[in-house]
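Number of protein chains: 2
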Amino acid sequence: MAVFSSLTPVFVAVLCVIIGFLFKSSQRRETRSKQQRSDQTARPWVDEDLQDDTETSSKHNEGDDDWIDTTEEENLPHIPYTPIQYSATEMLERSEKFYSLMNLRRSVRFISPEPVPKQVIDNVIRTAGTAPSGGHTEPWTFVVVSDADVKHKIREIIEEEEEINYKQRMGDKWVHDLKKLRTNWVKEYLDVAPYLILVFKQTYGILPNGKKKTHYYNEISVSISCGILLAALQNVGLVTVTTTPLNCGPQLRSLLQRPANEKLLMLLPVGYPASDAEVPDLKRKDLNDIMVTV
Amino acid sequence: MAVFSSLTPVFVAVLCVIIGFLFKSSQRRETRSKQQRSDQTARPWVDEDLQDDTETSSKHNEGDDDWIDTTEEENLPHIPYTPIQYSATEMLERSEKFYSLMNLRRSVRFISPEPVPKQVIDNVIRTAGTAPSGGHTEPWTFVVVSDADVKHKIREIIEEEEEINYKQRMGDKWVHDLKKLRTNWVKEYLDVAPYLILVFKQTYGILPNGKKKTHYYNEISVSISCGILLAALQNVGLVTVTTTPLNCGPQLRSLLQRPANEKLLMLLPVGYPASDAEVPDLKRKDLNDIMVTV
Chain F
63 MAVFSSLTPV FVAVLCVIIG FLFKSSQRRE TRSKQQRSDQ TARPWVDEDL
113 QDDTETSSKH NEGDDDWIDT TEEENLPHIP YTPIQYSATE MLERSEKFYS
163 LMNLRRSVRF ISPEPVPKQV IDNVIRTAGT APSGGHTEPW TFVVVSDADV
213 KHKIREIIEE EEEINYKQRM GDKWVHDLKK LRTNWVKEYL DVAPYLILVF
263 KQTYGILPNG KKKTHYYNEI SVSISCGILL AALQNVGLVT VTTTPLNCGP
313 QLRSLLQRPA NEKLLMLLPV GYPASDAEVP DLKRKDLNDI MVTV
Chain R
63 MAVFSSLTPV FVAVLCVIIG FLFKSSQRRE TRSKQQRSDQ TARPWVDEDL
113 QDDTETSSKH NEGDDDWIDT TEEENLPHIP YTPIQYSATE MLERSEKFYS
163 LMNLRRSVRF ISPEPVPKQV IDNVIRTAGT APSGGHTEPW TFVVVSDADV
213 KHKIREIIEE EEEINYKQRM GDKWVHDLKK LRTNWVKEYL DVAPYLILVF
263 KQTYGILPNG KKKTHYYNEI SVSISCGILL AALQNVGLVT VTTTPLNCGP
313 QLRSLLQRPA NEKLLMLLPV GYPASDAEVP DLKRKDLNDI MVTV
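Protein chains in written order, with the working numbering: chain F, 63 to 356; chain R, 63 to 356.
This is the structure:
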């Protein structure tokens, strides 16, 4: 009895340690499950993609500065910049004409199957490639798909995910917003459009020595490049609709055999508009609603 | 003594609970300090800004889909889309011409003080406003600054932060990258350029009932808009350099009295190039390095 009594503190101590351990590990499990997506249909590759994105945007997009054009060489020589100069009248005319042309651009989901010269697409991509980028990394890959089978596989991947998105993942609010335009997850244009341009952002590059090279501001750079791409398409009378297929990135990357540093940012179906193409009758904000002069 | 012996387990239990509590609260403190920025010069508004950004990008940018144009009205009427059509030859010519023009664009940091007609800037901003946006939210505000005092205040804010960035915050790697181009934190163009365009992204909107309205993909939308803006500037012979002033957002927002839902995304000094403007002699990637055809 004396032995038992003198051992009691030890037992209690051991018990406390065990309780403490159990408490701590249950907390850890809680944290982990909070990190997982709240939807019940989470799949490994979905989480993987989101984690990748978060990492990229939170780590690399914070530590930046100017978009200095840098290259591998030290002390890159500087050359005079020989500009195009227009008179004030010419500038005004050109600015009005370009605005009028761009203002006719609309997101069009009814695309004609009529073939489009590949050379035109080449020039459009070349034009997109003139965009500035953080550290002159040019962190973009444009995958131009015209193969019917591949287009169809892309459609299957996207429609399957979209259906899940609409039905299970999205908040009521967003589904309601989309309903206004009678949109659903059937995306015929993915089969019909002569070209699908899948725009990948390169979250990092690989140096000759095998080390990773940070691509600062890759998402913003690639988005700017897409803006110039949209202008180039509009300039030749082609149409597209800017889409960002949700959760399809890893599957599409795998289908198109893109490397691990490339993440899908946008998918643009491209072609002539269908003869019966329609667009919602919406207006753009006035200049005074988007510009503040100081 | 018997009393003491029988109380011992109680003492040990209390001790364990105290130790457990201390252990747990030290962990909590650790987590909190990990969330804080690792640099030692952190200031309240720096953290605030980064938190805001993280929140926006992690919450809103994941739950998206197509960039459907939606408006406040239900069942928006659809109208026929009347496109511009060019012949194949015209398309090819136009695509080549536009590429040649855009390919002459360079990031120029030597800007002439020569005045630029404000009407031209208005048209350039109008053109940027034709960009597509998630949910047709048009989540951009372009603040065009020509007032000399305000420009100088902007310069002071940016140079002060840049100096800290260069000296303390940035990794050796990034400072090394910038050194290649002999860049430092002195930004004369902020005083000299006739216009500074500060591009703000609206992370959310305010509905008539006072509730917040999510702006899906606001950063990508505004970046696309900037791409079109760069094209519009190049089209009239004006130059700029794409900058993303690090950590200056809240101070500049406050200076320009922008509301809390607006975050600075980019700052573009705009004008004619200086007569002695120079640019680094860098090359762009070949088409085959940025395009993959499937």
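Where is the CB? At the ideal position from N, CA and C, for every residue including glycine. Keep in mind the model is a prediction, meaning the values are calculated, not measured.
Contacting positions in the region 179–199 of chain F - beta carbon closer than 9 Å to chain R:
Listed by position, the residues of the region 179–199 of chain F near chain R (Cβ gap below 9 Å) are 179, 180, 181, 182, 183, 184, 185, 186, 187, 188, 189, 190, 191, 192, 193, 194, 195, 196, 197 and 198.
Boundaries of the alpha helix (DSSP H) in which residue 289 of chain R is found, first to last residue:
280–297
Between the Cα of residue 299 of chain F and those of R:140, R:157 and R:141, spot the shortest distance and give me the residue it belongs to.
R:157
Does any C-beta atom of chain R lie closer than 7 Å to the C-beta of residue 333 of chain F?
no
By alpha-carbon positions, which one of F:289, F:288, F:210 and F:269 ends up nearest to residue 253 of chain F?
F:210
For the alpha helix (DSSP H) that contains residue 225 of chain R, what are its first and last residues?
210–226
For residue 258 of chain R, the first and last residue of its enclosing beta strand (DSSP E)
257–264
What residues of chain R sit near residue 288 of chain F, judged by a beta carbon separation below 7 Å?
286 and 289
Classify residue 95 of chain F: buried if its beta carbon has 16 or more other beta carbons within 10 angstroms, exposed otherwise.
The predicted model places residue 95 of chain F with a pLDDT of 41, which falls under 50 and marks its position as unreliable, so this point remains unresolved.
Tell me the residue span of the alpha helix (DSSP H) that contains residue 302 of chain R.
Residue 302 of chain R -> no alpha helix (DSSP H), and no H or E assigned at all.
Chain-ordered neighbours of residue 140 of chain F on chain B, where CB pairs are closer than 8 Å
The structure shown contains no chain B; its protein chains are F and R.
Which same chain residues, not among the five before or five after residue 341 of chain F, have their C-beta less than 8 Å away from its C-beta?
168, 169 and 170
Of the residues R:348, R:339, R:354 and R:353, the one placed nearest residue 141 of chain F, counting alpha carbons only
R:339
Following a CB-centred definition, is residue 280 of chain F positioned closer than 6 Å to any heavy atom of the ligand COA?
With respect to small molecules bound, the structure shown includes none, and the ligand COA cannot be examined in it.
With a cut-off of 8 Å, do at least 3 Cβ pairs link the region 255–267 of chain R to the region 315–326 of chain R?
yes
Taking residue 330 of chain F as the query, report the chain R residues whose CB atoms sit under 8 Å from its CB, ordered along the chain.
Result: empty, since nearest Cβ-Cβ is about 10 Å, beyond 8 Å.
With 7 Å set as the bound, which would you pick, yes or no: does the beta-carbon of residue 158 of chain F sit closer than that to a beta-carbon of chain R?
At least one chain R Cβ lies under 7 Å of residue 158 of chain F.
Kindly list the residues whose CB is nearer than 6 Å to the CB of residue 120 of chain F, restricted to its own chain and excluding five residues on each side of it in sequence; keep chain order.
Bear in mind that the predicted position of residue 120 of chain F carries a pLDDT of just 34, short of 50, making it too unreliable to give a figure here.
Let me check understanding here. Comparing Cα to Cα, which of F:356, F:277 and F:355 lies closest to residue 194 of chain F?
F:277
Could you check the C-alpha separation between residue 247 of chain R and residue 333 of chain F for me, to the nearest Å?
Rounded to whole angstroms, residue 247 of chain R to residue 333 of chain F spans 46 Å at the Cα level.
Tell me, please, whether the CB atom of residue 265 of chain F is closer than 7 Å to any CB atom in chain R?
no
For residue 328 of chain R and residue 304 of chain R, what's the separation of their Cα atoms in angstroms?
7 Å
According to DSSP, simplified to helix, strand and coil, what is residue 312 of chain F?
helix
Please classify residue 196 of chain R: does DSSP put it in a helix, a strand, or coil?
It is helical.
Where residue 162 of chain R and residue 317 of chain F are concerned, what is the direct C-alpha to C-alpha distance, given to the nearest angstrom?
34 Å
Check whether the Cβ of residue 272 of chain F lies closer than 7 Å to any Cβ atom in chain R.
Output row for residue 272 of chain F: interface = no.
Continuous alpha helix (DSSP H) stretch holding residue 349 of chain F: start and end
Note, residue 349 of chain F: alpha helix (DSSP H), 349–352.
CA-CA distance, residue 173 of chain R and residue 269 of chain R?
41 Å
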